[in-house]
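Numbering (the working numbering), first residue to last: 134 to 466.
Beta carbons are placed, not taken as given, at the ideal position from N, Cα and C, and that holds for glycine.
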Amino acid sequence: MPTRHHQKLPTEGPVTDVQRADLTRPTALARPEDLIDWRLAVTWEAATSCGMIDALPGTPDEVAETAGLDAGAVAAVAHLLAEWGLLTVGHDSRITCGPAMPSPAEATALAQHGVWVRRWSCLVGERLRDRTAPPPESLRRIDPIARLKHLAAASQSFIPRVIDACLAQAPGAKRVLDLGGGHGEYSIELAHRGLAVTMQDLPDVVAAARQDPRLAGVRLVGASLVDEVAEGPFDLVLLSTVTNMFDAQTNRDLMHRIRPVLAPGGRVAIVSYMRDRGVVGAVFGVQMLVSTDAGDAHAASDHLAWLADAGFEDCSVTDLTDPPLTLVVGRRR
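As structure tokens, this is what we get:
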């Protein structure tokens, strides 16, 4: 991501040359050179979750009294966030929103990034010893619906390009199953292109999706893909960042369940970050380590093996860019 230099505030004291953060896509899956500083993410998450940001504007004493915080700690956090331009600390110590104050969507994404940083620091070591070690009580639970909304916002810019790549491998496809469709953005884009779309996910996820008017023309199926796959036939079954949620055997079994719901010549398209395709794929493996009980950034070669085992042919691997996703496609005989 491009970086922007901190803008000098016209009425306040001097500021340093700390680089302004690009808050449009704060994510642990950024390339190393594009990562948002972990100190910014963790501090912003703490400031929002404890009520400090909601208590602005005010002096450290006023903010501390409103939010039940320590005034000295409020001042320390405010000065750090001011260095990135998110807040401004005046000569009278009054704290206000800064020139780089994030939008509501950016603020949520940045806070979520802070949660992930803390999750990595707490769980990587624990899960090296015990793969299903629970997170500590101090680490707040990640609300699944809020997480889906965050993923939707982060995915919208590249979904059309991913769908272009999938449809190029499935010419003439008219009936599509968005399996594990989650936030629904893929289904929305597919339906916008005139395809007949079915989206399947867990019942609570589908219940949330029913509230989105953009999905009004999409057939919604609430069921676990581990147990069943929506009735076809389909010309294309799309799995976007789905196989990474499960272990190898579960994915192998899933390919066998997908094959019967495809029309002859139909394709399955698997999109994910894969560990054998670069640094972001390797990072994604640790992301799955700290966020799932059995998931992984399975290699492209793993996906090819599962497809072959289920009887798919003409399998291919295509590397996408920005973000560096990988597309694996197989055709039903």
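- Every beta strand (DSSP E) of 3 residues or more that sits fully in the stretch 393 to 424 is shown, in chain order, as 395 to 405.
- Secondary structure at ASP167: helix, using DSSP grouped into helix, strand and coil.
- In the structure shown, SER182 adopts helical secondary structure according to DSSP, grouped into three states.
- Contact annotation: the stretch 178 to 198 does not touch the stretch 261 to 272, with fewer than three C-beta pairs closer than 8 Å.
- Annotation: THR374 to HIS224 spans about 49 Å, alpha carbon to alpha carbon.
- Going by DSSP, GLN333 is part of the beta strand (DSSP E) stretching over 329 to 334.
- Its chain contains LEU312, GLY313, GLN333, LEU387 as the residues whose beta carbon lies nearer than 7 Å to that of LEU358, once the 5 sequence neighbours on both sides are disregarded; these appear in chain order.
- In this structure, LEU369 sits away from GLY350, with a CB-CB distance that is not shorter than 8 Å.
- If you compare the alpha carbons of ALA342, ARG347, GLY305 with that of ALA324, the shortest gap goes to ARG347.
- Per DSSP, reduced to three states, the secondary structure at ARG251 is helical.
- Burial check for ARG466: the Cβ neighbour count within 10 Å stays below 16, so the residue is exposed.
- Pairing ALA438 with ARG408 gives a Cβ-Cβ distance that is not under 8 Å.
- Taking 8 Å as the upper bound for CB-CB distance, GLY365 and ALA396 are in contact here, some 7 Å apart.
- If one requires a minimum length of 4 residues, the alpha helix (DSSP H) runs lying completely within the stretch 171 to 245 are 171 to 182, 193 to 200, 204 to 216, in chain order.
- Between the alpha carbons of GLU198 and VAL175 lies a distance of about 23 Å.
- Looking at the DSSP output, VAL462 bridges to ALA402, SER449.
- Closest in C-alpha terms to PRO293, from the list ILE403, GLY327, GLU318, comes GLU318.
- For SER357, no beta strand (DSSP E) encloses it, and the DSSP letter there is neither H nor E.
- Between LEU189 and THR241, the CB-CB gap reaches or exceeds 8 Å.
- VAL250 and LEU173 have their C-alpha atoms roughly 11 Å apart.
- Around the Cβ of HIS389, a 10 Å sphere holds fewer than 16 other Cβ atoms; the residue is exposed.
- Per DSSP, SER288 is one residue of the alpha helix (DSSP H) stretching across 277 to 288.
- Burial is judged here by how many other beta carbons sit within 10 angstroms of a residue's own beta carbon; GLY258 has fewer than 16 and is exposed.
- A straight line joining the alpha-carbon of ARG385 with that of LEU440 spans about 8 Å.
- Nearest to GLY355 by C-alpha distance, out of PHE367, HIS436, VAL339, is VAL339.
- Assignment of beta-bridge partners to SER373 by DSSP yields VAL404.
- For ASP455, the three-state secondary structure derived from DSSP is coil.
- Contact between LEU272 and ARG252 holds, since their C-beta atoms are separated by about 6 Å, short of 8 Å.
- In this structure ALA279 is exposed. Its beta-carbon is surrounded by fewer than 16 other beta-carbon atoms within 10 angstroms.
- In this structure, the CA atom of GLY463 is about 19 Å from the CA atom of ARG410.
- Exposure of SER236 is indicated by the presence of fewer than 16 other C-beta atoms within 10 angstroms of its C-beta.
- For ARG352, the beta-bridge partners assigned by DSSP are THR331.
- The Cβ-Cβ distance between VAL210 and MET185 falls below 8 Å.
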